[in-house]
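Structure, as structure tokens:
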Ligand SMILES: Nc1ncnc2c1ncn2[C@@H]1O[C@H](COP(=O)(O)OP(=O)(O)OP(=O)(O)O)[C@@H](O)[C@H]1O
Ligand SMILES: [Mg+2]
């Protein structure tokens, strides 16, 4: 395996970089899109169930199918990386909308009322009170979305853009375990690293959660 | 009768929760275990139905060692009520109540009818039967918990702080109804609380526990208030125990003054045509046409505590007794009351020593 | 509309023709069911054991995240390369991927149970096995079922990918269509497998609604919602892809 890495590090590095951006760009897009959507689902209660139901339908679609259904719908080429990025963004949004809404819903009404009584206006209250309190729930959802994305990207290899997934296909063709192991290990490590970073962010920004855990 | 025979419990981590507990709970009565937090009340209670097994001594129910019986069968014959009721959230109220009859194998129809009857008995309505526990208030949950424990008509009931999770007003209501129910059922009940007022209100006997699972005193509520065995009990029972102990004596023992003694003079009791008290008047108090209200009256059935409270809170320091038709038939002045209570105390002390 | 040609061609729905779409659906379901049965037989007892005793709980807590981070395609190809082509390596891979969501949610379901209810059950004279089946499992059911639901999605999706190493089922349309540059065939496969997954998910959510007591699902609270239910019947959020 060491030999394999020594000889192919260039190729592995490129696959890894591709994997990284294919997995993480969707996460960033999903955060930007699902925050307002989740807020709307909470603010306009009638929209909650439609949004959540659409989310869970989209979430159910198998990844390979979604990758391949996108080209005719949005006009991309079959082998375009955009398909992967958009599909993963869809999954992440589907998951995050619900998480954001449930996070905001989990804020004790007594707290929002207290904030209102102290003179917070709606928008200020959202950013100063409700979002911070909902943050642990939302970050937990973000962890799931990120880790899932990192692992799904390799499926893209079947349509030619799959980051580390390319190593799996190469291993299969050559009947050679080294690239397969390298791909799996790097993919798991990448997922674990992203996961740990989010956990650290959560510890840094929601110190009260751990304080409660220890008390 | 439940007998604790030199019972001890040391937990695996070395905590000595109960030590050498030796006392008897009378049949058909409520025995309350009371004491500060962590003194072993729950441990003692749960050893009766083997939820916890003693590490020393024996517990006998009507002479039979609980350890010699199958734990599950033993428990089915003992009602068990806990603080947050522990209702099964996935079962409706009526299904919760039918739990033990179902375990025993009682006919479904029969146990449903009994359960329904019990719900009414504990003060719930038939419409509650098909609700789920999440739909109940805290007080209602506790009632269902009590009904569930009663469902198989067990002779013995264990209750661990059943009313402590509800607010004081609801609690007072539950206590009163519980006493009424026990009046009808006459179960042998072991009842844990850390609230001394609850212990005195409910207990036929009160076992005061202290740290380390020792019995500090085992006595009737009255005795506890009047003759605390030691400083720990006196302190636990509280500052106004003297006043509270008055609730155990009837005012029938009091020597009253006649109503005529307050028909004229500095304090005048204004009566209506039938002789019912209207209020107090007199120079510097009020005009006879608009007398100060009599803040309340007592009857011969009331306790000394009621009379004392009336005498203290009356605007003129006089408590008025009425007969069954509300007609004033006697009065007692504050100084006279204090003198009589003092005599009573001295007599008690004399008989006690 | 040549995208839909393959899908709409009646010949491909003709049961007499080999490789017809309904038979692929049946195959796909067959793999899914086998996998879920095997995974449940392993994950539910283990989850119950860990949740009940609290022993090895780190396994159950971390299984979900670990399972999610395994690249499905990599796992399948690894097993095929080691064991050789065939049904066995693929089913093993699918089972490995289905276990974590079921295990984690069974464990979480058991942990979320109010200990007072279990105490009361014991105190009323239920035996351990009665406590397990009459109290603990019904109370943990919402979470156990949502774990199964996630696992179902995971397996349907991964079985599609597994066609790349020869597995039958709807993935064949996608993989063969890509290999032969028959894009309408690819679309047919994608549409049908997406529909299958969505239908299965809807069935799963209805089963959740039917089987779970309204007392624990939160449905009993629709009008007088002063207490929060411990968990609700909603879309599966543990794993997919
Ligand atoms: N399972 C256990 N293992 C170890 N120690 C225990 C266990 N259960 C109780 N204890 C200890 O035994 C002592 C008595 O506990 P117990 O629960 O009987 O107290 P209690 O009188 O019911 O208190 P409270 O009023 O707070 O309910 C306490 O010190 C407690 O910490
Ligand atoms: Mg206790």
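Chains as they are written, first to last, in my numbering: chain A, 63 to 277; chain B, 457 to 809; chain C, 806 to 1046. From the three backbone atoms N, C-alpha and C, an ideal C-beta is built for every residue, glycine too.
For this session: Give me the Cα-Cα distance between residue 152 (chain A) and residue 92 (chain A), rounded to the nearest whole angstrom.
Result: On the first chain, position 90 is the one that residue 152 (chain A) refers to. On the first chain, position 30 is the one that residue 92 (chain A) refers to. Computed Cα separation, rounded: 8 angstroms.
For this session: Could you say if the segment 905 to 915 of chain C and the segment 939 to 957 of chain C meet the contact criterion of at least three C-beta pairs nearer than 8 angstroms?
Result: Enough Cβ pairs lie closer than 8 angstroms, so yes.
For this session: Measuring alpha carbon to alpha carbon, tell me which of B:789, B:692 and B:661 ends up nearest residue 678 (chain B).
Result: Taking the second chain and counting its residues from 1, the one referred to as residue 678 (chain B) is at position 222. Among B:789, B:692 and B:661, the Cα nearest to that of residue 678 (chain B) is on B:661.
Problem set entry | Interface residues of the segment 922 to 940 of chain C facing chain B [CB-CB below 7 angstroms] | Only 922, 924, 925, 927, 928, 929, 930, 931, 932 and 940 from the segment 922 to 940 of chain C bring a Cβ to less than 7 angstroms from some Cβ of chain B.
For this session: Specify, as a first and last residue, the run of the beta strand (DSSP E) that residue 612 (chain B) falls within.
Result: By one-based count along the second chain, residue 612 (chain B) stands at place 156. Counting along the chain, the beta strand (DSSP E) containing residue 612 (chain B) begins and ends at 612 to 616.
For this session: Grab me the residues of residue 643 (chain B)'s own chain with a C-beta within less than 6 angstroms of its C-beta, minus the 5 sequence neighbours each way, in chain order.
Result: Locating residue 643 (chain B) in the second chain gives position 187, counting from the first residue. So the qualifying residues of the chain are 613.
Exercise. Under 8 angstroms from any heavy atom of ligand 1, does the C-beta of residue 1022 (chain C) make it?
Worked result: For the purposes of this step, residue 1022 (chain C) is taken as residue 217 along the third chain, with counting starting at 1. Every heavy atom of ligand 1 is 8 angstroms or more from the Cβ of residue 1022 (chain C), so no.
Exercise. Just the Cα atoms here: how many angstroms apart are residue 538 (chain B) and residue 525 (chain B)?
Worked result: Position 82 of the second chain, counted from the start, is the residue given in the question as residue 538 (chain B). Position 69 of the second chain, counted from the start, is the residue given in the question as residue 525 (chain B). So the two alpha carbons sit approximately 23 angstroms from each other.
For this session: Have a look at the DSSP bridge pairing and note the partners of residue 725 (chain B).
Result: Numbered from its first residue, the second chain carries residue 725 (chain B) at position 269. Looking at the DSSP output, residue 725 (chain B) sits in a beta bridge with B:736.
For this session: Below 9 angstroms between beta carbons is the criterion; list the residues of the segment 1000 to 1019 of chain C that meet it against any residue of chain B, in chain order.
Result: Against chain B - using a Cβ distance shorter than 9 angstroms - the residues of the segment 1000 to 1019 of chain C are 1017, 1018 and 1019.
Exercise. So is residue 946 (chain C) in contact with chain B if we call contact Cβ pairs under 9 angstroms?
Worked result: Here residue 946 (chain C) is taken as the residue at index 141 of the third chain, counted from 1. So, interface residue.
Problem set entry | Segment limits, alpha helix (DSSP H) that includes residue 230 (chain A) | Locating residue 230 (chain A) in the first chain gives position 168, counting from the first residue. Segment 227 to 236, the alpha helix (DSSP H) holding residue 230 (chain A).
Exercise. Which of the residues in the segment 516 to 528 of chain B, read from start to end, lie with their CB under 7 angstroms from any CB of chain C?
Worked result: Per Cβ criterion, the list reads 528.
For this session: Could you tell me which chain A residues have their CB closer than 9 angstroms to the CB of residue 875 (chain C), listed as they occur along the chain?
Result: As a working mapping, residue 875 (chain C) is identified with position 70 in the third chain. Identification of chain A residues near residue 875 (chain C) by a Cβ-Cβ cut-off of 9 angstroms yields 213, 246, 249, 250 and 253, ordered along the chain.
Exercise. In chain A, what lies closer than 7 angstroms to residue 962 (chain C) by C-beta?
Worked result: The residue given as residue 962 (chain C) occupies position 157 in the third chain. Chain-ordered, the chain A residues with CB closer than 7 angstroms to the CB of residue 962 (chain C) read 124 and 125.
Problem set entry | Helix, strand or coil at residue 788 (chain B) according to DSSP, with G and I counted as helix | Walking along the second chain from the start, residue 788 (chain B) turns up at place 332. Three-state DSSP puts residue 788 (chain B) in a strand.
Exercise. Looking at the structure shown, is residue 870 (chain C) part of a helix, part of a strand, or coil, going by DSSP?
Worked result: Numbered from 1 along the third chain, position 65 holds the residue referred to as residue 870 (chain C). It is helical.
Problem set entry | Under the three-state DSSP convention, the category residue 820 (chain C) falls into | As a position in the third chain, residue 820 (chain C) is number 15, starting the count at 1. DSSP places residue 820 (chain C) in coil when its eight states are reduced to three.
For this session: Mind the definition here: the segment 737 to 756 of chain B touches the segment 689 to 699 of chain B only if three or more C-beta pairs lie below 8 angstroms; say whether that holds.
Result: In the pairwise beta carbon analysis, the segment 737 to 756 of chain B is classified as not touching the segment 689 to 699 of chain B: fewer than three pairs are separated by under 8 angstroms.
Problem set entry | Beta-carbon proximity of residue 769 (chain B) to residue 751 (chain B), cut-off 9 angstroms | Within the second chain, numbered from 1, the residue matching residue 769 (chain B) stands at position 313. Within the second chain, numbered from 1, the residue matching residue 751 (chain B) stands at position 295. Yes, the pair counts as a contact, with Cβ atoms nearer than the cut-off.
Exercise. Does residue 471 (chain B) have its Cβ less than 9 angstroms from a Cβ in chain C?
Worked result: Counted from its first residue, the second chain places residue 471 (chain B) at position 15. Chain C, which has no Cβ nearer than 9 angstroms to the Cβ of residue 471 (chain B), makes this no.
For this session: Any chance you could list the beta strand (DSSP E) runs of at least 3 consecutive residues sitting entirely within the segment 586 to 646 of chain B, in chain order?
Result: You should have 612 to 616.
Exercise. Alpha carbon to alpha carbon, how far is residue 773 (chain B) from residue 712 (chain B)?
Worked result: Position 317 of the second chain, counting from 1, holds the residue named residue 773 (chain B). Position 256 of the second chain, counting from 1, holds the residue named residue 712 (chain B). For residue 773 (chain B) and residue 712 (chain B), the distance between alpha carbons rounds to 14 angstroms.
For this session: Sort B:478, B:472 and B:459 by Cα distance to residue 672 (chain B) and report the nearest one.
Result: In the second chain, residue 672 (chain B) corresponds to position 216, counting from 1. Sorting B:478, B:472 and B:459 by C-alpha distance to the C-alpha of residue 672 (chain B) places B:478 at the top.
Problem set entry | Where the segment 898 to 915 of chain C meets chain A: residues whose CB sits under 8 angstroms from a CB there | Correct list: empty, as no residue qualifies.
Exercise. In chain C, which residues lie less than 8 angstroms from residue 221 (chain A) when you measure between Cβ atoms?
Worked result: Within the first chain, numbered from 1, the residue matching residue 221 (chain A) stands at position 159. Taking a Cβ-Cβ cut-off of 8 angstroms, the neighbours of residue 221 (chain A) in chain C comprise 983, given in sequence order.
Problem set entry | Between the CA atoms of residue 603 (chain B) and residue 574 (chain B) - distance to the nearest angstrom | Along the second chain, read from residue 1 onward, the residue named residue 574 (chain B) stands at position 118. Along the second chain, read from residue 1 onward, the residue named residue 603 (chain B) stands at position 147. Roughly 6 angstroms separates the two Cα atoms.
For this session: Within its chain, find whatever has a CB closer than 6 angstroms to the CB of residue 1030 (chain C); leave out the 5 residues flanking it on each side and keep chain order.
Result: Looking up residue 1030 (chain C) in the third chain gives position 225. In this predicted model, residue 1030 (chain C) has a pLDDT of only 40, less than 50, meaning its place in the structure is not dependable enough to derive any value.
For this session: Give me the Cα-Cα distance between residue 68 (chain A) and residue 975 (chain C), rounded to the nearest whole angstrom.
Result: On the first chain, position 6 is the one that residue 68 (chain A) refers to. On the third chain, position 170 is the one that residue 975 (chain C) refers to. Rounded to whole angstroms, residue 68 (chain A) and residue 975 (chain C) show a C-alpha spacing of 39 angstroms.
Exercise. Going straight from the alpha carbon of residue 195 (chain A) to that of residue 185 (chain A), what length do you get?
Worked result: Along the first chain, one-based indexing puts residue 195 (chain A) at 133. Along the first chain, one-based indexing puts residue 185 (chain A) at 123. Distance between the alpha carbons of residue 195 (chain A) and residue 185 (chain A): 15 angstroms.
Problem set entry | Cβ-heavy atom distance, residue 537 (chain B) to ligand 2, below 8 angstroms | Position 81 of the second chain, counted from the start, is the residue given in the question as residue 537 (chain B). No.
Exercise. So, helix, strand or coil for residue 136 (chain A), using DSSP?
Worked result: Start at 1 with the first residue of the first chain, and residue 136 (chain A) comes out as number 74. In the three-state scheme derived from DSSP, where H, G and I count as helix and E and B as strand, residue 136 (chain A) is classed as helix.
Exercise. If you measure from the CB of residue 617 (chain B), is any heavy atom of ligand 2 nearer than 8 angstroms?
Worked result: Position 161 of the second chain holds residue 617 (chain B). Relative to ligand 2, the nearest heavy atom lies less than 8 angstroms away from the CB of residue 617 (chain B).
Exercise. Mind checking residue 860 (chain C): buried by the 16 CB within 10 Å criterion, or exposed?
Worked result: One-based indexing of the third chain puts residue 860 (chain C) at position 55. Exposed.
Exercise. Would the beta-carbon of residue 497 (chain B) be found less than 8 angstroms away from any heavy atom of ligand 2?
Worked result: Looking up residue 497 (chain B) in the second chain gives position 41. At least one heavy atom of ligand 2 is nearer than 8 angstroms to the Cβ of residue 497 (chain B), so yes.
Exercise. In this structure, what does DSSP give as the bridge partners for residue 754 (chain B)?
Worked result: Numbered from its first residue, the second chain carries residue 754 (chain B) at position 298. Beta-bridge pairing by DSSP links residue 754 (chain B) to B:777.
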